[in-house]
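Numbering (my numbering), first residue to last: 203 to 674.
Quick reminder that beta carbons are idealized off the backbone N, C-alpha and C, glycines included.
Below: one structure, written as structure tokens.
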Amino acid sequence: MEPKKPNLLFIFSDQHRKFDLGCYGNCEVMTPNLDALASVGLRFEHCCSNSPVCVPARGSLLTGVHAQTHGAFTNDLPIRYDLESIADVLNRAGYHTGYIGKWHLCGVPRDQYVDRARRLGFTEWKVANCNHDYLNCYYDDEENLRHRPGGYEPEIFGGLAEEFLQRNSRSDRPFALFLSFATPHDSHTAVGEEYKEIYREKQVTLRPNATETIMFNLKKSITHAQQAEYTRGYYGHITAIDRQVGKLLTGLRENGALDHTLVIYTADHGDMLGSQGLRDKQLPYEESIGVPLIAAWKGHISAGVSTQMISLVDLPVTVAGLLGLQFTQPKDGLDCSALFKGGKAVQQQCYLYDLYPCHQAADKGLRAWRGLRTQQYTYAVHGDGTDWLLFDNDADPYQQHNLVKDAAYAQVRKELKAVLDNYVLQQDAYLEGEDYIRFADRQADFDQSQTYFGRPTLQEIENSRKPSDLPE
Numbered sequence: 203m204e205p206k207k208p209n210l211l212f213i214f215s216d217q218h219r220k221f222d223l224g225c226y227g228n229c230e231v232m233t234p235n236l237d238a239l240a241s242v243g244l245r246f247e248h249c250c251s252n253s254p255v256c257v258p259a260r261g262s263l264l265t266g267v268h269a270q271t272h273g274a275f276t277n278d279l280p281i282r283y284d285l286e287s288i289a290d291v292l293n294r295a296g297y298h299t300g301y302i303g304k305w306h307l308c309g310v311p312r313d314q315y316v317d318r319a320r321r322l323g324f325t326e327w328k329v330a331n332c333n334h335d336y337l338n339c340y341y342d343d344e345e346n347l348r349h350r351p352g353g354y355e356p357e358i359f360g361g362l363a364e365e366f367l368q369r370n371s372r373s374d375r376p377f378a379l380f381l382s383f384a385t386p387h388d389s390h391t392a393v394g395e396e397y398k399e400i401y402r403e404k405q406v407t408l409r410p411n412a413t414e415t416i417m418f419n420l421k422k423s424i425t426h427a428q429q430a431e432y433t434r435g436y437y438g439h440i441t442a443i444d445r446q447v448g449k450l451l452t453g454l455r456e457n458g459a460l461d462h463t464l465v466i467y468t469a470d471h472g473d474m475l476g477s478q479g480l481r482d483k484q485l486p487y488e489e490s491i492g493v494p495l496i497a498a499w500k501g502h503i504s505a506g507v508s509t510q511m512i513s514l515v516d517l518p519v520t521v522a523g524l525l526g527l528q529f530t531q532p533k534d535g536l537d538c539s540a541l542f543k544g545g546k547a548v549q550q551q552c553y554l555y556d557l558y559p560c561h562q563a564a565d566k567g568l569r570a571w572r573g574l575r576t577q578q579y580t581y582a583v584h585g586d587g588t589d590w591l592l593f594d595n596d597a598d599p600y601q602q603h604n605l606v607k608d609a610a611y612a613q614v615r616k617e618l619k620a621v622l623d624n625y626v627l628q629q630d631a632y633l634e635g636e637d638y639i640r641f642a643d644r645q646a647d648f649d650q651s652q653t654y655f656g657r658p659t660l661q662e663i664e665n666s667r668k669p670s671d672l673p674e
């Protein structure tokens, strides 16, 4: 009889930056279970969210292609459902695939049901497309029956995952569960009371690059102290997730399945939390693009810390490679499975971008951008290709000195721009705003999303432009 294939437990959260776990050096946030996982597994220092906002990042995390290819390049655009996903690869190999938690890949409305044709191949299904009311959890099942258990969302989704693992751990058929927590994304006040209480009197220190006044949007700012209070709730969400991770790992161990299961923890993107005087994401700064990546599989993954470059678009291809499987369609992501076994670097940089600033970024007046993260440098240009940021992360880990116009770094900037130009040539174009929407041919979906959120359609944006804004 052929031995059972290894199982997969792939856990990812929403807006959890890498700096906020104990194993990444934060002694104020309580993450004992994720820290323990990192101590027996492999922790990556440089895992990048290619497009640090929910929908584009999640699309790449499941399909292995950049947002320009999967089509959901800004929040609340629907993904292309004809793309081969990691679930398709696993299904072909005989896995029982499941998805529990936040989805957010179907456009608007956010509370819609997701029919089978739009589930990217996942079979077992306990999903809320997009719900940020964390104290009033709901989910839809395989038959699109809506369940309203109420309660705190990390605990509800964690409980569903626990039941899935209990039911499938002793089966002769391998399982692959993708568990998607919607937290620690704000609201940072909608936290379970137990986890609020943990941090009520604890010290919370913002990163040294956080400013005294922090932009909420163009019309509103908050203070350093207010952001610190929000960060208490952020930490509460993280500790709640950590608690659920601990329960899942304990269950696998008790069922004798842990040593035969590849376990991964990551996130779709980070959160500025006051750094650079900003909140939220959609930025090339380390707090926005840097996400945790922890992997463990006894006897198959090297223990320790990797400083090699890897990004979310690589993870589906890499997971397939670790399990001895392959995609059949071409992918933008690279198979980095060798890095998990002590191998050499697969790539020198990660391609980064925000193709259309939506919602929170738009309210801050931010522009589209393209960029690179190497082990040493972060480089970004505006959507039209003009220089914006260059940081030497070795010399300036808090990215407080923009070197893009520094003559001493002119050659570095030139070399990085050449590499970035090649990515853009392969993937899209130096365009921004409504020009990019038309280039991508997503006008109808864009207008539908904008209307749903009470924002201007493409034509209304163009009509509102002043004559002085128009090209000569």
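In terms of alpha-carbon separation, which member of R282, T271, P234 and H306 lies closest to D216?
-> Within the sequence shown, residue 216 is the residue found at index 14, counting from 1. Comparing Cα-Cα distances from D216 to each of R282, T271, P234 and H306, the minimum goes to H306.
Quick one: using the 10 Å Cβ neighbour count with 16 as the cut-off for buried, is A259 buried or exposed?
-> Working through the sequence shown from its first residue, we reach residue 259 at position 57. Looking at its Cβ environment, which holds 16 or more other Cβ atoms inside 10 Å, A259 is buried.
For H728, name the three-state secondary structure that DSSP assigns.
-> The structure shown does not extend to residue 728, since the chain spans only 203 to 674, so no value can be given for it.
Specify the secondary structure class of S423 as computed by DSSP and reduced to three states.
-> As a position in the sequence shown, residue 423 is number 221, starting the count at 1. Three-state DSSP puts S423 in a strand.
Using DSSP with H/G/I as helix, E/B as strand and the rest coil, what is D373?
-> Looking up residue 373 in the sequence shown gives position 171. One detail in the question is off: residue 373 reads as Ser in this sequence, not Asp. Coil at S373, not helix or strand.
Hey, is the region 314-333 in contact with the region 296-304, meaning 3+ C-beta pairs nearer than 8 angstroms?
-> Taking a cut-off of 8 angstroms on C-beta distances, the region 314-333 touches the region 296-304, as three or more cross pairs fall below it.
With respect to the beta strand (DSSP E) encompassing R575, which residues constitute its N-terminal and C-terminal limits?
-> One-based indexing of the sequence shown puts residue 575 at position 373. Looking at the DSSP string, the run of the beta strand (DSSP E) that includes R575 is W571 to T576.
By DSSP, does F529 sit in helix, in strand, or in coil?
-> Indexing the sequence shown from 1 puts residue 529 at position 327. Residue state, collapsed to three classes: coil.
What residue does the alpha helix (DSSP H) around R640 start on, and which one ends it?
-> The count along the sequence shown starts at 1 and reaches residue 640 at position 438. According to the DSSP assignment, R640 belongs to the alpha helix (DSSP H) that extends over E636 to A642.
Quick one: is A363 buried, meaning 16 or more other Cβ sit within 10 Å of its Cβ, or exposed?
-> Along the sequence shown, read from residue 1 onward, the residue named residue 363 stands at position 161. Looking at its Cβ environment, which holds 16 or more other Cβ atoms inside 10 Å, A363 is buried.
Assigned secondary structure, D594 (DSSP; H/G/I helix, E/B strand, else coil) = Looking up residue 594 in the sequence shown gives position 392. Looking at D594 - three-state DSSP - the assignment turns out to be strand.
Minimum C-alpha distance to E634 - residue among L367, A620, L660 and F655 = In the sequence shown, residue 634 corresponds to position 432, counting from 1. Closest by alpha carbon: L660.
Are at least three pairs of beta-carbons, each pair with one atom in the region 452-466 and one in the region 398-417, less than 8 angstroms apart?
-> no
Compute the Euclidean distance between the alpha carbons of M232 and C225, then round it to the nearest angstrom.
-> Here residue 232 refers to the residue found at position 30 when the sequence shown is read from its first residue. Here residue 225 refers to the residue found at position 23 when the sequence shown is read from its first residue. For M232 and C225, the distance between alpha carbons rounds to 10 angstroms.
List the DSSP bridge partners of N209.
-> For the purposes of this step, residue 209 is taken as the residue at position 7 of the sequence shown. According to DSSP, which records beta bridges pairwise, N209 is partnered with T463.
Taking the DSSP output, what are the residues bridged to W327?
-> Residue 327 sits at position 125 when you count from the first residue of the sequence shown. W327 pairs with Y301.
Please report the Cβ distance between L557 and A269, rounded to the nearest whole angstrom; I am assuming they are in contact, meaning their Cβ atoms lie under 8 angstroms.
-> Locating residue 557 in the sequence shown gives position 355, counting from the first residue. Locating residue 269 in the sequence shown gives position 67, counting from the first residue. The Cβ separation is near 6 angstroms, so the contact holds.
Contained beta strand (DSSP E) runs [length at least 3] in the region 529-554, N- to C-terminal order | none
For F275, does the count of other Cβ atoms within 10 angstroms reach 16, so buried, or fall short, so exposed?
-> To locate residue 275, count along the sequence shown from 1; it is residue 73. Burial call: buried.
Classify T425 as buried or exposed, calling it buried when 16 or more other Cβ atoms lie within 10 Å of its own Cβ.
-> Here the question's residue 425 lines up with position 223 in the sequence shown. With fewer than 16 other Cβ atoms within 10 Å, it is exposed.
Measuring alpha carbon to alpha carbon, tell me which of P599, I281, P208 and F641 ends up nearest N675.
-> No answer is possible for residue 675: it lies beyond the span of the chain, which begins at 203 and ends at 674.
Boundaries (first-last residue) of the beta strand (DSSP E) holding V621 | The residue labelled residue 621 in the question sits at position 419 within the sequence shown. Premise fails: V621 lies in the alpha helix (DSSP H), A612 to Q629, not in any beta strand (DSSP E).
What's the gap between the Cα of H561 and the Cα of L527?
-> If you number the sequence shown from 1, residue 561 lands on position 359. If you number the sequence shown from 1, residue 527 lands on position 325. Looking at the two C-alpha atoms, the distance is approximately 38 angstroms.
Compute the Euclidean distance between the alpha carbons of R657 and T588, then round it to the nearest angstrom.
-> What you label residue 657 is simply residue 455 of the sequence shown in a count that begins at 1. What you label residue 588 is simply residue 386 of the sequence shown in a count that begins at 1. Near 28 angstroms, if we compare the C-alpha coordinates of T588 and R657.
For the alpha helix (DSSP H) containing S262, list its first residue and its last residue.
-> Stepping through the sequence shown from its first residue, residue 262 is reached at position 60. That run of the alpha helix (DSSP H) goes C256 to T265.
Write down every uninterrupted run of the beta strand (DSSP E) in the region 433-477 whose length is 3 residues or greater and which is fully enclosed by it, in chain order.
-> 463-469
Would the beta-carbon of G243 fall within 8 angstroms of that of L279?
-> In the sequence shown, the residue the question calls residue 243 occupies position 41. In the sequence shown, the residue the question calls residue 279 occupies position 77. In this structure, G243 sits away from L279, with a CB-CB distance that is not shorter than 8 angstroms.
Classification of N235 by the beta-carbon crowding that lies within 10 angstroms, buried from 16 upward = Numbered from 1 along the sequence shown, position 33 holds the residue referred to as residue 235. Label assigned to N235: buried.
Taking just the CA atoms, how far does Q551 sit from G545?
-> Here residue 545 corresponds to residue number 343 of the sequence shown, with the count starting at 1. Here residue 551 corresponds to residue number 349 of the sequence shown, with the count starting at 1. In a straight line, the C-alpha of G545 is about 17 angstroms away from that of Q551.
Run the CB neighbour count on N277, radius 10 Å, all protein chains shown included, and call it buried at 16 or more, exposed below.
-> If you number the sequence shown from 1, residue 277 lands on position 75. Classification of N277: buried, given that the 10 Å Cβ count is 16 or more.
To the nearest whole angstrom, what separates the beta carbons of L450 and L367, a pair I think is in contact under 8 angstroms?
-> Translated into positions along the sequence shown, residue 450 becomes position 248. Translated into positions along the sequence shown, residue 367 becomes position 165. Between L367 and L450 the Cβ distance is about 6 angstroms, and since that is below 8 angstroms, they are a contact.
If you pair each beta-carbon of the region 485-493 with each one of the region 579-597, do three or more pairs fall below 8 angstroms?
-> yes
Top-ranked residue by Cα proximity to A176, from N293, R402 and V257 = Any question about residue 176 goes unanswered here, given that the chain covers just 203 to 674.
Since T415 sits in a beta bridge, which residues does DSSP pair it with?
-> By 1-based counting over the sequence shown, the position of residue 415 is 213. Bridge partners of T415: T425.
According to DSSP, residues forming a beta bridge with P280 | Within the sequence shown, residue 280 is the residue found at index 78, counting from 1. Answer is C308.
Going by DSSP, name the residue or residues bridged to P386.
-> Taking the sequence shown and counting its residues from 1, the one referred to as residue 386 is at position 184. P386 pairs with D216.
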